[in-house]
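Asks: Mapping of the sequence shown onto this note's numbering: residues 16 to 395, in sequence order.
C-beta atoms are modelled at their ideal positions from N, C-alpha and C, and glycine is treated no differently.
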Amino acid sequence: MSSTLAVMMEAEKLRAEGASIVDFGAGEPDFPTPENVKEAAIRAIRDDFSKYTAAGGTLEVRKAIAARHAADFGTSYAPNEVIATAGGKQAIFNLISCLINAGDEVLLPVPYWVTFRDVINYAGGQANLLETREEEDFALTAEMVKEALTPRTRLVIVNSPSNPSGAVISAPEFGRILEVTASHGALLLTDECYCQLLYEDKPFSVAALEGAKEHVVVAGSLSKTYAMTGWRLGFALAPAPLVSAMVKLQSHSTSNPSSIAQKAAVEALTGPQDSVQKMLAEYRRRRDFVVEGLRAIPGVRCTNPQGAFYAYPNVSAFFGNGAGSANELAKKLLREAGVAVVPGEAFGTEEHFRISYATSLETLGEGLRRMKRFFSEQKP
Ligand SMILES: Cc1ncc(COP(=O)(O)O)c(C=O)c1O
Numbered sequence: 016m017s018s019t020l021a022v023m024m025e026a027e028k029l030r031a032e033g034a035s036i037v038d039f040g041a042g043e044p045d046f047p048t049p050e051n052v053k054e055a056a057i058r059a060i061r062d063d064f065s066k067y068t069a070a071g072g073t074l075e076v077r078k079a080i081a082a083r084h085a086a087d088f089g090t091s092y093a094p095n096e097v098i099a100t101a102g103g104k105q106a107i108f109n110l111i112s113c114l115i116n117a118g119d120e121v122l123l124p125v126p127y128w129v130t131f132r133d134v135i136n137y138a139g140g141q142a143n144l145l146e147t148r149e150e151e152d153f154a155l156t157a158e159m160v161k162e163a164l165t166p167r168t169r170l171v172i173v174n175s176p177s178n179p180s181g182a183v184i185s186a187p188e189f190g191r192i193l194e195v196t197a198s199h200g201a202l203l204l205t206d207e208c209y210c211q212l213l214y215e216d217k218p219f220s221v222a223a224l225e226g227a228k229e230h231v232v233v234a235g236s237l238s239k240t241y242a243m244t245g246w247r248l249g250f251a252l253a254p255a256p257l258v259s260a261m262v263k264l265q266s267h268s269t270s271n272p273s274s275i276a277q278k279a280a281v282e283a284l285t286g287p288q289d290s291v292q293k294m295l296a297e298y299r300r301r302r303d304f305v306v307e308g309l310r311a312i313p314g315v316r317c318t319n320p321q322g323a324f325y326a327y328p329n330v331s332a333f334f335g336n337g338a339g340s341a342n343e344l345a346k347k348l349l350r351e352a353g354v355a356v357v358p359g360e361a362f363g364t365e366e367h368f369r370i371s372y373a374t375s376l377e378t379l380g381e382g383l384r385r386m387k388r389f390f391s392e393q394k395p
């Protein structure tokens, strides 16, 4: 089971026993899905849009996905280079299942989103972990990628903005990462799940660079951008033969993503985008509040996330007082202070907590107060 889910389940158990829990574990927006998207789904139900669709999604939704990406980033994908999936997760699962055979290597920067590693293992591949440094804001550089490539590397995975660190790769550096990956003959998987949730830089896709398309697979999702986690609608943009393989796999597993969710997605992608900007402004306020609050706790270090909705503070100063790891400290924090966080071990680092700030300022304030008190009692 994913460690993120494990923390949520433990928090749920304590809550059921009557404990007051502040939950920073959930990796999903607290906002409702925008009204226009909900209305489109209701219309689809009333219109009986309730049959199977093409396994890789309707032509309408694939065109809408390509058109949104073109408008946002300047790419040009044809419908046969697009697959609609049940969430970004299925896009990633399909791609890795189709591409990776036993013995193939996949370069995975640390800290990583936990699913990547498990799916690589599931496909029989080997995840080659590439350490980034907290002192450098977890930055991934082309130089680091170049040094870590081996003759067996088939795929390089980049997730910017990153879950869990919030690190963002600049456009020029992304271009250099593509260059070293492509000239090595490997594919670059860019997970753009948080691509609209950027606080300083302008949204950017490496797929828009000249000559990029044949070397890049984009995995995208409506989950975070439009607060649609439960609807399950994601996509991949990739060279046509790869899309065709992914559709084949999907046709024998889940078939099409929900027909209703596809109609909702068309509205989300082609309708007004102002709700995205409103949510981003609120996330920025929360980011500033939570980072400032964490940095005000003596002993806690915290980089400033440039995107997504997670803070990734270093809590190693508190190891040694009945808790020797982030995992143990997180359990203690949950039991003694009623704050749920995800320990860094889930993402390949041992000294951090992931704190999701996709929750109200009031909840963030309460959680920070509890953490401050808890940490002041942990000093060895
Ligand atoms: C980095 C990253 N990629 C992809 C996803 C997939 O989300 P979904 O399957 O809901 O589209 C998530 C969700 O947490 C994520 O954090």
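Once the 5 residues before and after Asp-38 are set aside, which same chain residues still bring their CB inside 6 angstroms of it?
Replies: Cβ neighbours of Asp-38 beyond the five flanking positions: Ala-26, Ala-355.
Asks: Write down the C-beta distance between Gln-141 and Glu-162 rounded to the nearest angstrom, noting that I regard them as a contact closer than 8 angstroms.
Replies: Between Glu-162 and Gln-141 the Cβ distance is about 17 angstroms, and since that is not below 8 angstroms, they are no contact.
Asks: Extract the residue ranges of the alpha helix (DSSP H) inside the stretch 331-387, only unbroken runs of 4 or more that lie entirely within it.
Replies: You should have 341-352.
Asks: DSSP three-state label for Asp-38, please.
Replies: In this structure, Asp-38 counts as strand in the three-state DSSP scheme.
Asks: What does the alpha-carbon distance come out to for the pair Thr-156 and Gly-190?
Replies: In a straight line, the C-alpha of Thr-156 is about 10 angstroms away from that of Gly-190.
Asks: Which partner residues of Thr-100 appear in the DSSP bridge assignment?
Replies: In DSSP, Thr-100 forms a bridge with Gly-249.
Asks: At a cut-off of 8 angstroms, is Thr-73 close to ligand 1 when judged by its beta-carbon and the heavy atoms of the ligand?
Replies: No, the beta carbon of Thr-73 sits no closer than 8 angstroms to any heavy atom of ligand 1.
Asks: DSSP has Ile-172 in a bridge; who is on the other side?
Replies: Note: Ile-172 sits in a beta bridge opposite Leu-204.
Asks: Would you call the CB atoms of Thr-244 and Glu-43 closer than 9 angstroms?
Replies: Contact: yes.
Asks: Relative to the alpha-carbon of Thr-318, which residue among Leu-144, Ala-117, Glu-150 has its alpha-carbon at the smallest distance?
Replies: For Thr-318, the nearest C-alpha among the options comes from Glu-150.
Asks: When you compare only the Cα positions, how much space is there between Ile-312 and Asp-303?
Replies: Going by the C-alpha atoms only, they are around 15 angstroms apart.
Asks: What span of residues does the beta strand (DSSP E) with Val-315 cover, start to end?
Replies: Premise fails: Val-315 is in no beta strand (DSSP E) and is neither H nor E.
Asks: Spatial neighbours of Ser-175 within its chain, please: C-beta separation below 6 angstroms, excluding the five flanking residues on both sides.
Replies: Answer for Ser-175: Val-183, Ile-184, listed in chain order.
Asks: Rounded to whole angstroms, what's the CA-CA distance from His-84 to Ala-279? Just pull it up for me.
Replies: Going from the Cα of His-84 to the Cα of Ala-279 covers about 17 angstroms.
Asks: Return the chain-ordered ranges of every beta strand (DSSP E) run that is complete within the stretch 108-132 and spans a minimum of 3 residues.
Replies: Runs found: 120-125.
Asks: Mind checking Asp-289: buried by the 16 CB within 10 Å criterion, or exposed?
Replies: Burial call: exposed.
Asks: Hey, quick one: how far does the beta strand (DSSP E) through Gly-235 stretch, first residue to last?
Replies: Residues 231-236.
Asks: Within a Cβ cutoff of 8 angstroms, which residues of the same chain sit near Tyr-67, ignoring the five residues on either side of it in sequence?
Replies: These residues qualify, in order along the chain: Ser-270, Asn-271, Ser-274.
Asks: Just the Cα atoms here: how many angstroms apart are Leu-257 and Cys-210?
Replies: Cα to Cα, Leu-257 sits roughly 23 angstroms from Cys-210.
Asks: Locate the alpha helix (DSSP H) running through Ala-82, then write down its first and last residues.
Replies: Ala-82 -> alpha helix (DSSP H) spans 74-88.
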